[in-house]
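Engineer: Residue numbers (my numbering), protein chains in the order written: chain A, 1 to 473; chain B, 474 to 670.
Beta carbons: idealized from backbone N, C-alpha and C, even for Gly.
Questions regarding the structure given below will be posed in turn.
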Amino acid sequence: MTTFLGMPATAPRGVGHLRGDESFPAAAHKALADDQLRRNLRHATTTIRGKSGRVIAELPDWQELRSAGSAIKADVMSRLPELLEELEARVTERGGVVHWAADANEANAIVVDLVRRTGSERVIKVKSMATQEIALNEALEAAGIQPVETDLAELIVQLGNDKPSHILVPAIHRNRSEIREIFLAAMPGVDPDLTDDPPVLAAAARKYLRETFLSTKVAISGANFGIAETGTLAVVESEGNGRMCLTLPETLITVMGIEKIVPTWQDLEVFLQLLPRASTGERMNPYTTMWTGVTPGDGPQNFHLVLLDNGRSAVLADPAGRSALHCIRCSACLNVCPVYERTGGHAYGSVYPGPIGAILSPQLTGIEDNASLPFASSLCGACFDACPVKIDIPAILVHLRNQAPHPRSERAAMRAAAYTMDRPKLYASAQRAAKLARIAGRRGRGLPLGGWTDARDLPEFPQQTFRDWWASR
Amino acid sequence: MSSKDVILGRVRAALRDAPAPGEAPREYRRVFPAADLDVLVDRLVDYKATVRRIAEDAVAATVAEIAGGVVVVPEGLPLNWRPEGALPDDDLSPDRIAGADAVLTAAAVAVAETGTIVLDASPDQGRRIITLLPDVHIVVLRPEQVVASVPEAVARLDPRRPLTWISGPSATSDIELNRVEGVHGPRHLHVLILEPV
Ligand code: SF4
């Protein structure tokens, strides 16, 4: 089919959170001056890295699981139309209603309409990247519907009129005293003697949300996995706010990116091993909820699934970039990224920060709207090594750099990258970059070697780095 | 043209030159030795669950001691497990469930390697809501329900049932990555593993 399909395949402008107000280098420059932010980030990413490494080491077949995860996702992409229709058929058979949303505007309109029809003026929300991506909360508010975020970190962000800065721990940039201030200022009915002890802060959120959970008739969630074979949806979480939202209300609306499909029930055996260990460094996250359509007498009796494109088909059209859609949003690549650790998530301008954001956002919006993001990296390769589904993020970065139209922002971004690389510990970065330069075959175009070589003589790179040799033994 | 046609049309166009689907390699572990109950206990305790290994005839008394008050039970729960005065869920209102001191259920499967217990809403486990609102959740596990690994658990479960996978009590790490138990779900998880008969 080659006919014009009526609208551009990328995420539309003017709605959603995929584009920042300024370029990455400009935003990063500000973040680099914020010592508190860097301390918070360093503490958090170092802690998660340590935990994750320990539980991954427990699995003798981690590499085989990664290979399986990567291959299953490649298979999903290659027969996405068939799998989407299979999912739709299974969900429908079990009493669910499936909606298709070509972009953010359409998805928001569908959800607003569904909520209006329930008569509810408030919805409870499970943390979801897809609904952040399309700015669903803003659309609901504009329609007079109050969205209440129920994940603790999302609640901190919402009450603080702030933006999430990490996929997994959206309030990672806030420390306990900042969180206490936010609660005191914005949480209705909060105890004025609140301390900044984490259990006390968590208890305040529990108390505040409990009544809301029990009295709200509509919930909105995302989905970590949608199983084509059975029509089952899965949400992975820790706090139990997800279970509350997925169980208590009368109506459940789930917004799921079309790439979140897995073909068979059995495939979950791979992803349920990969995701928690790579993501939070746990053997398993505290709670996972799975449901198939509607179960009479148990849980929401009305279920709507909104399948969201919003630029995903444009990503799919690029053979060199489409594997960005394999992402299971574990955030491991953020936690190992030296650039993310210094700049934080806000600098990326999109709800998808860090290495995955640097490749996914420009592909979803079209490269011209996020031209500086492919430069927000030192190409050290740590993200590739960490990714549980083996997405070769550095290769896609190089590919996108070659398409980016803005030479001026490119130079500025290179300076930012050079800052990151300007330390011996990251020498491995430059080695990896040199290897990629050979792959790119364009004398290093798109690589941040300018800033590096300006400052010192670059030693000759061996054909195979020590780390690569070690890894391939 | 419907949005479904638009999306599927775009996806098909995007995939015109894509390689044919390939069978995924499954060289990861799929055959496992028998489950090790000690590993399960170790993992559960690591998640701050409280674990006891008891005989079946001690269940009711143990539950009464842990709960110290009203215990909600699913209607299909074995009668000999129920503490005196147990409150069967005959479509109880959320308020009554939330007002109970504890909930007692069986389980469908447990995974030793990850310390996970899976509920599948069978009659001895009940509706999902009853294990969500009380502050204490007590689960009785039969040794033969314990498998070593996630693949074995997936193979035993029926995806058409509503499933809840539980690994320790509710927890958050959102404040400076300090783990805090109990934000919204039950703050205490007690697991009673029955001695083999
Ligand atoms: S790209 Fe890989 S490492 Fe990064 S969030 Fe996605 S799955 Fe995780």
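With 8 Å as the threshold, decide whether the Cβ of B/A491 is near any Cβ in chain A.
Structural biologist: Working through the second sequence from its first residue, we reach residue 491 of chain B at position 18. Judged by the 8 Å Cβ criterion, B/A491 is in contact with chain A.
Engineer: Classify B/A575: buried if its beta carbon has 16 or more other beta carbons within 10 angstroms, exposed otherwise.
Structural biologist: Walking along the second sequence from the start, residue 575 of chain B turns up at place 102. Its Cβ being crowded by 16 or more others within 10 Å, B/A575 is buried.
Engineer: From the DSSP output, in three-state form, read off B/F505 for me.
Structural biologist: The residue you call residue 505 of chain B lines up with position 32 of the second sequence. Coil at B/F505, not helix or strand.
Engineer: With a threshold of 7 Å (Cβ to nearest heavy atom), would A/C387 be considered close to the ligand SF4?
Structural biologist: Stepping through the first sequence from its first residue, residue 387 of chain A is reached at position 387. Correct: A/C387 has its Cβ closer than 7 Å to the ligand SF4.
Engineer: Tell me whether B/H661 sits in a helix, a strand or coil according to DSSP, three-state version.
Structural biologist: Here residue 661 of chain B is taken as the residue at index 188 of the second sequence, counted from 1. Residue state, collapsed to three classes: strand.
Engineer: Looking only at its own chain, which residues have a Cβ that is under 7 Å from the Cβ of A/P12, when we skip the five neighbours before and after it?
Structural biologist: Position 12 of the first sequence holds residue 12 of chain A. Hits under 7 Å: D103, A104 and N105.
Engineer: Taking 8 Å as the threshold, find out whether the stretch 330-345 of chain A comes into contact with the stretch 126-145 of chain A through three or more Cβ pairs.
Structural biologist: The answer is no - the stretch 126-145 of chain A does not touch the stretch 330-345 of chain A, with fewer than three Cβ pairs under 8 Å.
Engineer: Does the beta-carbon distance from A/M256 to A/L334 come in below 8 Å?
Structural biologist: As a first step, residue 256 of chain A is located in the first sequence; it is residue number 256 there, counting from the start. As a first step, residue 334 of chain A is located in the first sequence; it is residue number 334 there, counting from the start. It is not a contact, given that the beta carbons lie outside the stated cut-off.
Engineer: Beta-carbon within less than 7 Å of B/P547's beta-carbon, same chain only, minus the 5 sequence neighbours each way: which residues are those?
Structural biologist: By one-based count along the second sequence, residue 547 of chain B stands at place 74. Around B/P547: D562, T578, P596, D597, Q598, G599 and I603.
Engineer: Using DSSP with H/G/I as helix, E/B as strand and the rest coil, what is B/I639?
Structural biologist: Against the second sequence, residue 639 of chain B aligns to sequence position 166. In the structure shown, B/I639 sits in a strand (DSSP, three-state: E or B).
Engineer: Using a Cβ-based criterion (distance less than 7 Å to any ligand heavy atom), does B/I602 qualify as near the ligand SF4?
Structural biologist: As a first step, residue 602 of chain B is located in the second sequence; it is residue number 129 there, counting from the start. The answer is no for B/I602.
Engineer: Counting only runs that start and end within the stretch 41-103 of chain A, where is the alpha helix (DSSP H) found for 4 or more residues in a row?
Structural biologist: Counting only runs of 4 or more, we get 62-78 and 80-93.
Engineer: Sorted by chain position, which residues of the same chain lie with C-beta nearer than 7 Å to A/G189's C-beta, five sequence neighbours on each side aside?
Structural biologist: Reading the first sequence from its first residue, position 189 is the one you call residue 189 of chain A. Same-chain partners within the cutoff: Y208.
Engineer: Count the other CB atoms within 10 Å of the CB of B/M474; is the residue buried (16 or more) or exposed (fewer)?
Structural biologist: Numbered from 1 along the second sequence, position 1 holds the residue referred to as residue 474 of chain B. With fewer than 16 other Cβ atoms within 10 Å, it is exposed.
Engineer: In the DSSP assignment, find the unbroken alpha helix (DSSP H) run with B/G570 in it and report its ends.
Structural biologist: Here residue 570 of chain B corresponds to residue number 97 of the second sequence, with the count starting at 1. Sequence inspection shows Ile at residue 570 of chain B; the Gly mentioned does not correspond to that position. Counting along the chain, the alpha helix (DSSP H) containing B/I570 begins and ends at P567 to G572.
Engineer: Note down, in chain order, each residue of its chain lying with its Cβ closer than 6 Å to the Cβ of A/G281, except the 5 sequence neighbours on either side.
Structural biologist: The residue you call residue 281 of chain A lines up with position 281 of the first sequence. Cβ neighbours of A/G281 beyond the five flanking positions: I48, K51, S52 and V55.
Engineer: Answer yes or no: the CB of A/S165 versus the heavy atoms of the ligand SF4, is any distance below 7 Å?
Structural biologist: Position 165 of the first sequence, counted from the start, is the residue given in the question as residue 165 of chain A. Answer for A/S165: no, Cβ out of range of the ligand SF4.
Engineer: Measuring only between beta-carbons, confirm whether A/Y208 sits less than 8 Å from chain B.
Structural biologist: Within the first sequence, residue 208 of chain A is the residue found at index 208, counting from 1. It does not; no Cβ of chain B falls within 8 Å.
Engineer: Against chain B, which members of the stretch 13-47 of chain A pass a CB distance test of less than 8 Å?
Structural biologist: So the close ones are N40, H43, A44 and T47.
Engineer: Can you find the residues in the same chain that come closer than 8 Å, C-beta to C-beta, to A/L194, ignoring five residues on each side of it along the sequence?
Structural biologist: As a position in the first sequence, residue 194 of chain A is number 194, starting the count at 1. Same-chain partners within the cutoff: R180, F183, L184, V200, L201 and A204.
Engineer: Any idea what DSSP makes of A/G242, helix, strand or coil?
Structural biologist: Taking the first residue of the first sequence as 1, we reach residue 242 of chain A at position 242. Three-state DSSP puts A/G242 in a helix.
Engineer: Rounded to whole angstroms, what's the CA-CA distance from A/P198 to A/R176? Just pull it up for me.
Structural biologist: Stepping through the first sequence from its first residue, residue 198 of chain A is reached at position 198. Stepping through the first sequence from its first residue, residue 176 of chain A is reached at position 176. One C-alpha to the other measures close to 7 Å.
Engineer: So with CB distances below 9 Å, who are the chain A contacts of B/V546?
Structural biologist: Sequence index remark: in the second sequence, residue 546 of chain B carries index 73 (1-based). Neighbours of B/V546 on chain A: none; closest Cβ ~16 Å, over 9 Å.
Engineer: For the 8 Å Cβ check, are there 3 or more pairs between the stretch 107-123 of chain A and the stretch 210-225 of chain A?
Structural biologist: Flag = yes, the stretch 107-123 of chain A and the stretch 210-225 of chain A touch.
Engineer: In the structure shown, what three-state DSSP assignment does A/A9 receive?
Structural biologist: Indexing the first sequence from 1 puts residue 9 of chain A at position 9. If DSSP states are grouped into helix, strand and coil, A/A9 belongs with coil.
Engineer: Sorry if obvious, but does the Cβ on A/I328 come closer than 7 Å to a heavy atom of the ligand SF4?
Structural biologist: Locating residue 328 of chain A in the first sequence gives position 328, counting from the first residue. Yes, the Cβ of A/I328 comes within 7 Å of a heavy atom of the ligand SF4.
Engineer: Among A/L140, A/S279, A/E154 and A/V148, which residue has its Cα nearest to the Cα of A/A386?
Structural biologist: Your numbering for residue 386 of chain A matches position 386 in the first sequence. Per the Cα distances, A/S279.
Engineer: Excluding the 5 residues flanking A/A143 on each side, which residues of the same chain have their C-beta closer than 6 Å to its C-beta?
Structural biologist: Counting from 1 along the first sequence, the entry for residue 143 of chain A is found at position 143. Excluding sequence neighbours, A/A143 sits near V112.
Engineer: According to a CB-to-CB cut-off of less than 9 Å, which residues of the stretch 642-656 of chain B neighbour chain A?
Structural biologist: Those residues of the stretch 642-656 of chain B that come within reach of chain A (Cβ to Cβ, closer than 9 Å) are P642, S643, A644, T645, S646, D647, I648, E649, L650, N651, R652, V653, E654, G655 and V656.
Engineer: Under 8 Å, do A/L18 and A/V351 count as touching if we go by C-beta distance?
Structural biologist: By 1-based counting over the first sequence, the position of residue 18 of chain A is 18. By 1-based counting over the first sequence, the position of residue 351 of chain A is 351. Yes, these two residues count as a Cβ contact at 8 Å.
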